[in-house]
Amino acid sequence: MKKKFVTTTLSVVIGFSALGVSPTVIHPIEASAAAVNSQHNQQAVEAKANQLIQTAKSLIGKATYSNTVYKDTYPYKFSCASFLMYIFEKNGVDLGTYNEDYMMKQGTAVSRTQLQKGDLLFFDSRGGKVPNHVAMYIGNNKVIHMADPKQNIVISDLNSKPYYKDNYITARRVLPTLLPANPATKGDNIVAKTISLKSKVKMGNVNNAAALRFTATGFVDYVYKANGVKLGTTNMKELMKKGTTVSRSNLKKGDLIFFNSTKGSKTPTMVAIYAGDHRIIIPNSKGVITRVLFVDYYNQHYITAKRVL
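According to my numbering, the sequence shown is numbered sequentially starting from 15.
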């Protein structure tokens, strides 16, 4: 369901995503998604889906519904979307958003007759095409979801109520595109390294690798150097001169994206690592955070992207 989170915890987790009230139309990067899908081992996808399902089921009876409070530790409080965001992130697959609209633009569309475990199903009880509910398919025509304040997390058969047929919009397969390629690319390794450090690094005004304390650009330099890529600078302007310019429609994992703080300016004030499927990883004063490029803020402040691998 739609939600307006107000807790301090969520402001750290969500950040700029809350700025995007109306989703911006961005055409999916179909070629990139197809290239990643073809490299994946179906066994790995199924294993990850089973992990997601196990985590989701473990929260039945422990988590309660809330569209105003998000709490990812006991006593857990989730909306339908933040529930899925949580279980994916706990299993190393970062959706980068709590917003159903943005989730529905990730991955690839899949027919309702071809559903697999881990697919996301979207519904709109208002009879339109803008989702206000999301669930995860767990096999045997069933989904698990944070249903409402009375039911909380439940497993539902898709034939059990007219709701699931009458309000269905689409399904998206996100696991292949959000998992590393097989074999993993250098971009995959950089993204994995970055995600692994999210809760460990301290962001500030100095760079001290031994203490895992970094500036934003110092953190980028550290992660790339750990994967054999020497950027040679921690200066934002100089960093933006590195590599080759790539279009937004041709982004690949490991590309660097630069944003300004003043619309129209060519002076970068923020750098992000592209994590695939419209997701970005941003080191800033709040820490290392993940977002999606669909948010209006990133459209308005986007400068350029550079391929340094």
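Here a beta-carbon is modelled for each residue, glycine too, at the ideal position from N, C-alpha and C.
Point to revise | Delimiting residues of the alpha helix (DSSP H) encompassing residue 58 | key: Looking up residue 58 in the sequence shown gives position 44. From DSSP, the alpha helix (DSSP H) with residue 58 extends over 56 to 72.
**Study point:** residue 176 to residue 183 span [Cα, whole Å]
**Key:** As a first step, residue 176 must be located in the sequence shown, where it is residue number 162. As a first step, residue 183 must be located in the sequence shown, where it is residue number 169. The straight-line gap from Cα to Cα measures roughly 14 Å.
**Study point:** The alpha helix (DSSP H) enclosing residue 137, as first and last residue numbers
**Key:** Against the sequence shown, residue 137 aligns to sequence position 123. Counting along the chain, residue 137 falls outside any alpha helix (DSSP H), though it belongs to the beta strand (DSSP E) covering 134 to 137.
Exercise for review: Determine the burial state of residue 186: buried for a count of at least 16 other Cβ atoms within 10 Å of its Cβ, exposed for fewer.
Suggested key: The residue labelled residue 186 in the question sits at position 172 within the sequence shown. Burial call: buried.
Review point. If you drop the 5 nearest sequence neighbours on each side, which residues of the same chain put their C-beta closer than 6 Å to that of residue 168?
Key: Position 154 of the sequence shown holds residue 168. Cβ neighbours of residue 168 beyond the five flanking positions: 161.
Check your understanding: Roughly how many angstroms lie between the CA atoms of residue 278 and residue 259, to the nearest whole one?
Key -> Here residue 278 refers to the residue found at position 264 when the sequence shown is read from its first residue. Here residue 259 refers to the residue found at position 245 when the sequence shown is read from its first residue. About 18 Å.
Practice item. Put residue 298 into one of helix, strand or coil per three-state DSSP. Key: If you number the sequence shown from 1, residue 298 lands on position 284. Strand, per DSSP.
Review point. Among 265, 292, 293 and 250, which residue has its Cα nearest to the Cα of residue 285?
Key: Mapped onto the sequence shown, residue 285 falls at position 271. Comparing Cα positions, the closest option is 250.
Point to revise | Other residues of its chain near residue 315: CB distance less than 6 Å, five sequence neighbours each side excluded | key: Here residue 315 is taken as the residue at index 301 of the sequence shown, counted from 1. Excluding sequence neighbours, residue 315 sits near 273 and 274.
**Study point:** Any chain B beta carbon closer than 7 Å to residue 304
**Key:** Note that chain B does not occur in the displayed structure, where there is just one protein chain.
Review point. If you run the structure through DSSP and keep just helix, strand and coil, what is residue 81?
Key: The residue you call residue 81 lines up with position 67 of the sequence shown. If DSSP states are grouped into helix, strand and coil, residue 81 belongs with coil.
Check your understanding: When you compare only the Cα positions, how much space is there between residue 55 and residue 65?
Key -> The residue labelled residue 55 in the question sits at position 41 within the sequence shown. The residue labelled residue 65 in the question sits at position 51 within the sequence shown. Straight-line Cα distance between these residues: approximately 16 Å.
Check your understanding: Buried or exposed: where does residue 31 fall if 16 or more other Cβ atoms within 10 Å of its Cβ makes it buried?
Key -> Residue numbering aside, residue 31 sits at position 17 when the sequence shown is read from its first letter. Unreliable placement is indicated for residue 31, whose pLDDT of 34 sits below 50; no coordinate value is reported for it.
Practice item. Alpha carbon to alpha carbon, how far is residue 63 from residue 291? Give it in angstroms, no decimals. Key: Locating residue 291 in the sequence shown gives position 277, counting from the first residue. Locating residue 63 in the sequence shown gives position 49, counting from the first residue. Rounded to the nearest angstrom, the two C-alpha atoms are 18 Å apart.
Point to revise | residue 133 classed as buried or exposed, judged by whether at least 16 other C-beta atoms fall within 10 angstroms | key: For the purposes of this step, residue 133 is taken as residue 119 along the sequence shown, with counting starting at 1. Label assigned to residue 133: buried.
Exercise for review: Grab me the residues of residue 299's own chain with a C-beta within less than 7 Å of its C-beta, minus the 5 sequence neighbours each way, in chain order.
Suggested key: Here the question's residue 299 lines up with position 285 in the sequence shown. Answer for residue 299: 217, listed in chain order.
**Study point:** DSSP three-state assignment for residue 171, whether helix, strand or coil
**Key:** Mapped onto the sequence shown, residue 171 falls at position 157. Here residue 171 sits in strand by DSSP.
Check your understanding: By how many angstroms is the C-alpha of residue 88 removed from the C-alpha of residue 306?
Key -> Position 292 of the sequence shown holds residue 306. Position 74 of the sequence shown holds residue 88. Going from the Cα of residue 306 to the Cα of residue 88 covers about 27 Å.
**Study point:** Outcome for residue 80 when other beta-carbon atoms lying within 10 angstroms are tallied against a minimum of 16
**Key:** As a first step, residue 80 is located in the sequence shown; it is residue number 66 there, counting from the start. It counts as buried.
Exercise for review: Evaluate the contact criterion for the segment 67 to 79 versus the segment 87 to 106: three or more CB pairs, one atom per stretch, below 8 Å.
Suggested key: yes
**Study point:** Limits of the unbroken alpha helix (DSSP H) element including residue 148
**Key:** Numbered from its first residue, the sequence shown carries residue 148 at position 134. Per DSSP, residue 148 belongs to no alpha helix (DSSP H); it is in the beta strand (DSSP E), 147 to 153.
**Study point:** Unbroken stretches of the alpha helix (DSSP H), 4 residues or longer, contained in the segment 211 to 251
**Key:** 230 to 239
Review point. Beta strand (DSSP E) containing residue 159: first to last residue?
Key: Along the sequence shown, one-based indexing puts residue 159 at 145. 156 to 160 is the span of the beta strand (DSSP E), which, as asked, contains residue 159.
Point to revise | residue 93 burial status per 10 Å Cβ neighbour count (16 or more: buried) | key: Translated into the one-based positions of the sequence shown, residue 93 becomes position 79. Residue 93 should be labelled buried.
Review point. For residue 293, which residues does DSSP report across the bridge?
Key: As a position in the sequence shown, residue 293 is number 279, starting the count at 1. DSSP output for residue 293 lists 290 and 306 as bridge partner(s).
Review point. Pick from 192, 242 and 225: whose alpha carbon is nearest that of residue 119?
Key: The residue labelled residue 119 in the question sits at position 105 within the sequence shown. With distances taken between Cα atoms, residue 119 lies closest to 192.
Practice item. Could you check the C-alpha separation between residue 200 and residue 107 for me, to the nearest Å? Key: By one-based count along the sequence shown, residue 200 stands at place 186. By one-based count along the sequence shown, residue 107 stands at place 93. In a straight line, the C-alpha of residue 200 is about 18 Å away from that of residue 107.
Exercise for review: Run the CB neighbour count on residue 114, radius 10 Å, all protein chains shown included, and call it buried at 16 or more, exposed below.
Suggested key: Walking along the sequence shown from the start, residue 114 turns up at place 100. Buried, since its Cβ has 16 or more Cβ neighbours within 10 Å.
Exercise for review: On a CA-only basis, which of 313, 287, 312 and 311 is nearest residue 302? Give me that one, please.
Suggested key: Taking the sequence shown and counting its residues from 1, one reaches residue 302 at position 288. When only C-alpha atoms are compared, the closest one is 287.
Exercise for review: Measure the alpha-carbon distance for residue 105 versus residue 68 and round it to whole angstroms.
Suggested key: The residue given as residue 105 occupies position 91 in the sequence shown. The residue given as residue 68 occupies position 54 in the sequence shown. In a straight line, the C-alpha of residue 105 is about 10 Å away from that of residue 68.
**Study point:** 3 or more residues per run - each beta strand (DSSP E) lying fully within the segment 94 to 133
**Key:** 122 to 124
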